[in-house]
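Only one structure is covered here, and it is reproduced in the block below.
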Amino acid sequence: MSQREIFFQIVSATISILFRLAAATGGEPPTTVPGVVIDHVPASSGLYVGSPSIAVLPNGAYVASHDFFGPKSNEFTKARTAVFGSADRGKSWKKLSEVAGAFWSSLFVHRGALYLLGPDRHHGNILIRRSMDGGVTWTEPKDRATGLLRDNGEYHCAPMPVLEHAGRLWRAFEWRHPPVGWGVNYRSGMLSAPVDADLLNADSWTNTNFLPSDRTWNGGDMGAWLEGNAVVAPDGQVVNVLRVQTRSPDEKAAIVRISADGKSASFDPATGFVNFPGGAKKFAIRFDPQSKRYWSLASIIHPRHRAPNPGGIRNTLALTCSDDLRQWTVRAIVLYHPDPKKHGFQYVDWLFDGDDLIAVCRTAYDDGQGGAHNAHDANYLTFHRIHDFRSKTSALGEP
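So that you can map any letter, position 14 of the sequence shown is 69 in the numbering used here, and since no number is skipped, the others follow by simple counting.
Here is the structure:
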């Protein structure tokens, strides 16, 4: 038996014992949620935790956010996003504010100010807000001069990285056209703005054409592309690296090329797909100048859970890396639970913090109140620190 198999047998056996103890006493299993809990929303509320994002303010404080989705939410009309702060490097958190009309939104810091960028609702308009007090109060996007960047609706994304490169800020979006169904009609695009521009002014932002996908791509295994990452490729060109929805467990990402002026996007289906562990779920990619590698935290499929339709398997979070954006290696298992039905570690947003990675995770886990509705419909926002991430060299690395 390999070392890896022994490790996962120990994890599975430990959790099994906890469940048997709970059954013997007639109660819920003991709850030890991985990481630091930022927010907990019981499934019984009809609200689920979505869209984690994290930023570090100039004074070193951390800010995190998540939105609410589910049957009791307003995600399709005027979504809500909660914002939290930590003054002790993630050890404890307090709620700072709640923003109405924000969904799938990214936190980022630019020129000393904190911004929140994303749609106002599920398939909505693109809005940007600015906070000068660390997330306590926010500007209100009323028109094209104050943060209403695109008002033709039907935009999709997740809290994706905002990249600064070649004097511009870059952020990927999808546009649903025609506005029918989920995924198959998503067109991939990129917005960008000069770094010294007024980011609340819609005229500051340029967008590429929005590219449709084709069901015949990837050998006919092409459900959708979505939740793209703005990344600088090894040749210095900005690319958009997208999640690919597939039936096969051999997960993929798609690499769309973006012109230097931010006005054109192009894709070659013969060369644009790459093998990407966790590619059927949202992932964030960032480049580390020290290691000269691209890094990601992705919800991979552990071999014991390998099955069709990998987008629904979210119980294993891994640290992955690449030298060239095309060949990816799993470096360490960060979070794992043997049950893929009601446990999930997903939609992770993260940042470099010296030799560590800091991350926020949409976590579906036991809570003593029946747990999560399912692996997708998370009940926690959790914070995690991955110490000395560059030294992780095997899938059995300690979390």
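Glycine included, each C-beta is placed from N, C-alpha and C at the ideal position.
Identified DSSP bridge partners for residue i
| i | result |
| --- | --- |
| Asp94 | Leu436 |
| Gln300 | Ala279 |
| Ile356 | None; Ile356 has no bridge partner. |
| Val44 | In the structure as shown, the chain begins at 56 and stops at 454. Residue 44 is therefore absent and cannot be evaluated. |
| Ile368 | Looking at the DSSP assignment, Ile368 forms no beta bridge with any residue, so it has no partner. |
| Gly173 | Leu182 |
| Trp159 | Trp159 pairs with nothing; no bridge assigned. |
| Leu224 | Glu219, Ala248 |
| Trp230 | Tyr210, Arg242 |
| Tyr391 | Thr371 |
| Leu203 | Leu182 |
| Tyr349 | Phe342, Ser377 |
Selection from the options that minimises the alpha carbon distance to residue i
| i | options | result |
| --- | --- | --- |
| Asp343 | Ala315, Tyr117, Asp379, Val239 | Asp379 |
| Ile355 | Lys307, Arg223, Met245, Asn180 | Lys307 |
| Gln345 | Tyr103, Ala353, Asp410 | Asp410 |
| Trp405 | Arg361, Tyr349, Glu153, Gly222 | Tyr349 |
| Asn364 | Val299, Ala315, Asp422 | Val299 |
| Lys337 | Gly366, Gly125, His360 | Gly366 |
| Val294 | Ala320, Ala257, Gln382 | Ala320 |
| Ala119 | Ile93, Asp143, Tyr391 | Ile93 |
| Ala315 | His220, Lys197, Phe139 | His220 |
| Pro196 | Glu282, Arg184, Ala168 | Arg184 |
| Pro214 | His442, Ser108, Val311 | Ser108 |
| Ala285 | Gly327, Phe228, Leu254 | Phe228 |
| Asp258 | Ala427, Arg199, Gly426 | Arg199 |
| Gly334 | Thr326, Thr261, Tyr402, Ala252 | Tyr402 |
| Lys146 | Ser446, Ala414, Met187 | Ala414 |
| Gly399 | His439, Ser128, Pro393, Ala419 | Ala419 |
| Leu281 | His165, Trp230, Ser303 | Trp230 |
| Pro49 | Lys347, His439, Asp432 | A query on residue 49 cannot be resolved here, the shown segment of the chain reaching from 56 to 454 and no further. |
| Asp188 | Asn114, Thr371, Tyr391 | Asn114 |
| Trp260 | Ala279, Thr201, His232 | Thr201 |
| Lys396 | Trp148, Ala373, Asp421 | Asp421 |
| Val287 | Asp269, Ile313, Thr448 | Ile313 |
| Ser243 | Ser268, Ala252, Ala157 | Ser268 |
| Asp251 | Tyr391, Ala155, Arg166 | Arg166 |
| Gly447 | Gln424, Leu412, Ala279 | The sequence given here has Lys at residue 447, not Gly. Nearest option by C-alpha distance: Leu412. |
| Ala325 | Asp394, Arg381, Asn273 | Asn273 |
| Ala387 | Ser351, Asn434, Asp175 | Ser351 |
| Ala142 | Ala116, Lys149, Leu255 | Ala116 |
| Leu374 | Ala353, His357, Asp253, Asn256 | Ala353 |
| Trp383 | Ala427, Val329, Pro393, Gly423 | Val329 |
| Leu218 | His392, Ser161, His357, His211 | Ser161 |
| Arg205 | Leu169, Ser186, Asn256 | Asn256 |
| Asp253 | Arg445, Phe444, Ala168, Asp394 | Ala168 |
Cβ pair residue i, residue j closer than 8 Å
| i | j | result |
| --- | --- | --- |
| Thr459 | Gly317 | Any answer about residue 459 is impossible in this case: the structure gives the chain only from 56 up to 454. |
| Val96 | Val104 | yes |
| Ser106 | Trp193 | no |
| Leu297 | Gly283 | yes |
| Gly208 | Gly179 | yes |
| Asp276 | Thr301 | yes |
| Val91 | Phe438 | yes |
| Val138 | Leu151 | yes |
| Arg341 | Phe407 | yes |
| Ala339 | Pro216 | yes |
| Gly173 | Asp432 | no |
| Gly425 | Ser99 | yes |
| Ala430 | Arg381 | no |
Whole-Å CB distance - residue i paired with residue j, under 8 Å assumed
| i | j | result |
| --- | --- | --- |
| Leu203 | Leu182 | 6 Å |
| His121 | Leu436 | 5 Å |
| Ile441 | Val385 | Ile441 to Val385, Cβ: 14 Å. No contact. |
| Val311 | Gly327 | 7 Å |
| Asp175 | Gly156 | 4 Å |
Any non-hydrogen atom of the ligand MG closer than 7 Å to residue i Cβ
| i | result |
| --- | --- |
| Gly366 | With respect to the ligand MG, the structure offers nothing, as it holds no ligand at all. |
Legend entry - At least 3 beta-carbon pairs within less than 8 Å: the stretch 129-140 vs the stretch 232-252: no
Inset, instruction - Report yes or no: do three or more beta-carbon pairs, one from the stretch 244-251 and one from the stretch 212-227, lie closer than 8 Å? - result: Counting C-beta pairs closer than 8 Å gives three or more between the stretch 244-251 and the stretch 212-227, which meets the contact rule.
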